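**Student:**
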Amino acid sequence: MEFRHEPVLLSQVVEFLDPQPGEIFVDGTVGGGGHASALLERLQPGGLLLGLDRDEEALAAASERLRPFGAAVRLVRARFSQLPDVLVQEGFRRIDGLLLDLGVSSYQLENPERGFSYQVDGPLDMRFDREDGLTAADIVNTWPEGELARIIREYGEERWASRIARFIIRARRRGPITSTGELVEIIKDAIPARARRSGPHPAKRTFQALRIAINDELGELQRLLSRLPEVLSPGGRVAVISFHSLEDRLVKRAFKGLSPQVLEILTPKPVVATPEEIARNPRARSARLRAARRVLKGRVGE
């Protein structure tokens, strides 16, 4: 299956990150290389982009797409929270630009074997890195009811979390839950009919919660945001695209906590996609972009 992923808010990302020839940039979620390609065009001559991803298939797609840029690209299989260590390994101290495009790619959603989608049946997986141990099947079949309810409520912001957890426990007593299709039906049964008739797909919030828990998405984001002062050069820019309120709140809080001594916030309110982009790429509907610039002089010792 071809790795397909249309970059969201591309022109806005380029505008805020403002890549210049000779600068060093990091795309912490390089995916299929869409954003990276646009950034690399503006980093030449003499610039370099370091692309990170946890997904081996994403890195393979990025390698193919970015091949024309030759030595101006370095791709590393790593979590973006590992960026400070990766920079040391690659021989860099600080960078001029950082992009994080959070969430799931179109390829990951549309490939049934990855188990991310509630629209197509597949194995209950949901791992960005398929060498990680914990899968969605592990969680739904082994975690206690209270923990299931907690993550569905906290990470999915699902009002029916307790009922869904109870129905999952009841279903797994009859046998292991092994597919996304099975889980979708359990969730539908748990949510009252009147609630199912309005709002998003009944399984959307629970699937989001499981994915966040499996991949430690919020922990990963918090760890990198806390280390922005040490990875960004004076004047360096950071842009983060989030797709749900939990991520957006973390980014907003982190930027605000570092402002004005360390970061200058470039987006007082999150930037959203135009109606034209949403019509072309429905995934852009929930995208929120926040950007900031490292001030020329930070706190003492930074």
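In this note's numbering, the protein residues as written are 39 to 340.
All C-beta atoms in this analysis are idealised placements derived from N, C-alpha and C, irrespective of residue type, glycine included.
Given the structure is predicted, the values throughout are model-derived calculations rather than measurements.
One question on the structure: do L140 and L88 come within less than 9 Å of each other, judged by their Cβ atoms?
**Tutor:** Cβ atoms of L140 and L88: not closer than 9 Å.
**Student:** Starting from E185, follow its DSSP beta bridges and name the residues at the other end.
**Tutor:** In the DSSP output, where bridge partners are listed per residue, E185 has none listed.
**Student:** How far does the beta strand (DSSP E) with I279 in it reach, from first residue to last?
**Tutor:** L270 to S280 is the span of the beta strand (DSSP E), which, as asked, contains I279.
**Student:** Using a Cβ-Cβ cutoff of less than 7 Å, which residues in the same chain neighbour H73 once the five nearest sequence positions on both sides are dropped?
**Tutor:** Correct list, in chain order: P45, L48, V51, D65, L137 and D139.
**Student:** Between which two residues does the alpha helix (DSSP H) harbouring F54 extend?
**Tutor:** Counting along the chain, the alpha helix (DSSP H) containing F54 begins and ends at L48 to L55.
**Student:** Measure the C-alpha to C-alpha separation of W198 and R331 and round it to an integer number of angstroms.
**Tutor:** Spanning the two alpha carbons is a distance of roughly 40 Å.
**Student:** Could you tell me which whole beta strand (DSSP E) segments of length 3 or greater appear in the stretch 218-298?
**Tutor:** Here the runs fully enclosed are 270-280.
**Student:** Return yes when the Cβ of A329 is within less than 9 Å of the Cβ of V300, no when it is not.
**Tutor:** No, they are not a contact pair.
**Student:** With a threshold of 8 Å, are at least 3 pairs of Cβ atoms found where one atom belongs to the stretch 180-189 and the other to the stretch 150-158?
**Tutor:** With the cut-off at 8 Å, the stretch 180-189 and the stretch 150-158 do not touch.
**Student:** Which of the three DSSP states is assigned to I190 in this structure?
**Tutor:** Looking at I190 - three-state DSSP - the assignment turns out to be helix.
**Student:** Please list, in chain order, all residues of the same chain as V276 whose beta carbon is under 7 Å from its beta carbon, the five residues on each side excluded.
**Tutor:** Once the five neighbours on either side are set aside, the close Cβ partners of V276 are L136, L266, L270, A329 and A330.
**Student:** Which same chain residues end up closer than 6 Å to N253 when comparing Cβ atoms and leaving out the 5 residues on each side of it in sequence?
**Tutor:** Answer for N253: F166, listed in chain order.
**Student:** Terminal residues of the continuous alpha helix (DSSP H) containing E95?
**Tutor:** Segment E94 to R103, the alpha helix (DSSP H) holding E95.
**Student:** Please name the residue or residues paired with E302 in a DSSP beta bridge.
**Tutor:** Paired residues: R331.
**Student:** Check the C-beta distance from I225 over to I202 and give it rounded, since I have them as a contact under 8 Å.
**Tutor:** About 6 Å; that satisfies the 8 Å criterion.
**Student:** Buried or exposed: where does Q246 fall if 16 or more other Cβ atoms within 10 Å of its Cβ makes it buried?
**Tutor:** Looking at its Cβ environment, which holds 16 or more other Cβ atoms inside 10 Å, Q246 is buried.
**Student:** Alpha carbons only, please: which of A325, R287 and E268 is nearest the one belonging to R131?
**Tutor:** Comparing Cα positions, the closest option is E268.
**Student:** Within its chain, find whatever has a CB closer than 8 Å to the CB of S297; leave out the 5 residues flanking it on each side and keep chain order.
**Tutor:** Closer than 8 Å at the Cβ level, and outside the excluded window around S297, lie I303 and A330.
**Student:** What did DSSP end up calling I215 once you bin it into helix, strand or coil?
**Tutor:** Coil, per DSSP.
**Student:** Take every Cβ of the stretch 153-162, pair it with every Cβ of the stretch 210-219, and state whether three or more of those distances are shorter than 8 Å.
**Tutor:** They touch, by the three-pair rule.
**Student:** For the stretch 98-106 and the stretch 115-129, state whether three or more C-beta atom pairs, one from each stretch, are separated by less than 8 Å.
**Tutor:** No, the stretch 98-106 is not in contact with the stretch 115-129.
**Student:** Got a sec? Which residues, its chain only, sit under 7 Å from F118 by beta carbon, not counting five neighbours each side?
**Tutor:** Around F118: G66, T67, L90, L138, E258 and L262.
**Student:** Excluding sequence positions up to five away, which residues of its chain have a Cβ less than 6 Å from the Cβ of D93?
**Tutor:** Cβ within range, chain order: F166.
**Student:** Is R168 helix, strand or coil by DSSP?
**Tutor:** R168: coil per DSSP, three-state reduction.
**Student:** Less than 9 Å between the beta carbons of G69 and A98, yes or no?
**Tutor:** Not a contact, by the Cβ cut-off of 9 Å.
**Student:** Taking the beta strand (DSSP E) that F63 falls in, what are its first and last residues?
**Tutor:** Start and end: I62 to D65.
**Student:** Scan the stretch 125-169 and note each continuous alpha helix (DSSP H) run of 4 residues or more that stays entirely inside, going in chain order.
**Tutor:** Runs found: 144-148.
**Student:** Roughly how many angstroms lie between the CA atoms of P272 and P57, to the nearest whole one?
**Tutor:** Answer to the nearest angstrom: the Cα atoms are 14 Å apart.
**Student:** Which residues share a DSSP beta bridge with V114?
**Tutor:** Answer is L90.
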